[in-house]
Amino acid sequence: MVYRLLVLDIDGTLLRSNHKLDRQTKEAIAFAKRKGVAVTLVSDRHFHSAAKVAKALKLNHPIIAHNGAFVSSSIDHPLYTSKIEHGVLMQLVEFLETYPYHIQISHERLSISNRPKQKNLIAKMTIGMSEPLFYPVTYVDSLSQYLLENFESATDVKVTLDSKDSEEVIESLKDFFPSIDIKKVSNNQLLLTNHQTSRFDALVHLTSHLGISLAETVAVGDGLEDLELIEKCGLGVAMNNAPKVVKERADWITRSNDMNGVAYMVKEVFRKQLRVSL
Numbered sequence: 148m149v150y151r152l153l154v155l156d157i158d159g160t161l162l163r164s165n166h167k168l169d170r171q172t173k174e175a176i177a178f179a180k181r182k183g184v185a186v187t188l189v190s191d192r193h194f195h196s197a198a199k200v201a202k203a204l205k206l207n208h209p210i211i212a213h214n215g216a217f218v219s220s221s222i223d224h225p226l227y228t229s230k231i232e233h234g235v236l237m238q239l240v241e242f243l244e245t246y247p248y249h250i251q252i253s254h255e256r257l258s259i260s261n262r263p264k265q266k267n268l269i270a271k272m273t274i275g276m277s278e279p280l281f282y283p284v285t286y287v288d289s290l291s292q293y294l295l296e297n298f299e300s301a302t303d304v305k306v307t308l309d310s311k312d313s314e315e316v317i318e319s320l321k322d323f324f325p326s327i328d329i330k331k332v333s334n335n336q337l338l339l340t341n342h343q344t345s346r347f348d349a350l351v352h353l354t355s356h357l358g359i360s361l362a363e364t365v366a367v368g369d370g371l372e373d374l375e376l377i378e379k380c381g382l383g384v385a386m387n388n389a390p391k392v393v394k395e396r397a398d399w400i401t402r403s404n405d406m407n408g409v410a411y412m413v414k415e416v417f418r419k420q421l422r423v424s425l
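The sequence shown begins at 148 in my numbering and counts up by one.
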């Protein structure tokens, strides 16, 4: 089989555990590109952060960021988005604000959060301490008031709630907001996205744009969020550091991210392939 597209997860796959990009990995990506293979990234990172990795690898095709909610080569001209539209977002926020929860709305440019309860210096900052400076987190007293004044959609909404009433809130969200997908990421944290937003759905749009079939695509990942990509692409590759279920369903298992797994896979899969053209 001739493969024309290589899709790489970032964290736990492309990058080492120290979040560094190895020289061997860069050289392997350059090798694949010389073979005429299109290379793209897929990640739950926001677009700015994922694009920084793409720039380091000199990639020029659209990348999949925000876990499939935003596919683009630039922040201003997306190829595809799957966002919670403003009207739904407004109703969602109004519902969530009836509870004493921490709520954070995100899109490709920034995040907006209701102000933390503790009135300290950190709470007054407009840059989140855990976010890079190029992706600001703006704190407001009322998210619903902010949305009245700013016509924005969201790639996702994160909600931190009390674990004791989480199931009740989840059931209410399912009843009131059928267009929203709800993922419980921990006992007290929910991730809300537009219905059927996924890495795989975003990849379908990207392959259609590039004129490449899924059968001609190699997908490499290490997490459960990569499982559908690994199962449905022509060659699904799991990192050795991936969970057991991911490795069981992969076509091929490469070395771990700390053992140059991507570089090893690229050389093994593409070394005998003749140059292809898009």
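No residue lacks a Cβ here, since even glycine has one placed at the ideal position from N, Cα and C. Given the structure is predicted, the values throughout are model-derived calculations rather than measurements.
- Here the alpha carbons of residue 204 and residue 163 stand approximately 15 Å from one another.
- Under a 10 Å Cβ-count criterion, residue 170 is classified as exposed, with fewer than 16 other Cβ atoms of the shown protein chains found around its own Cβ.
- The count of Cβ pairs closer than 8 Å, one atom from the region 238-249 and one from the region 306-322, reaches three, so the stretches are in contact.
- Cβ atoms of residue 340 and residue 322 stay farther apart than 8 Å, at about 18 Å.
- Beta-bridge partners assigned by DSSP to residue 217: 212 and 228.
- Of the residues 368, 362, 175 and 285, the one whose Cα lies closest to the Cα of residue 415 is 175.
- Note: residue 385 is bridge-paired with 368 and 400 in the DSSP secondary-structure output.
- With contacts defined as CB atoms closer than 7 Å, residue 324 and residue 239 qualify as a contacting pair.
- Secondary structure at residue 162: coil, using DSSP grouped into helix, strand and coil.
- Remark: three or more beta-carbon pairs, one from each stretch, lie closer than 8 Å, so the region 350-368 and the region 383-403 are flagged as touching.
- In the DSSP annotation of this structure, the continuous segment of the alpha helix (DSSP H) that includes residue 290 starts and ends at 290-296.
- Taking one beta carbon from each stretch, the region 148-156 and the region 177-191 have 3 or more pairs nearer than 8 Å; the two touch.
- Taking the Cα of residue 211 as reference, the smallest distance to any Cα among 347, 408 and 423 is reached at 347.
- Annotation note: the region 237-267 contains the following uninterrupted beta strand (DSSP E) runs of length 3 or greater, listed N- to C-terminal: 249-253 and 258-261.
- About 20 Å separates the CB atoms of residue 393 and residue 172; that is not less than 8 Å, and the two are not in contact.
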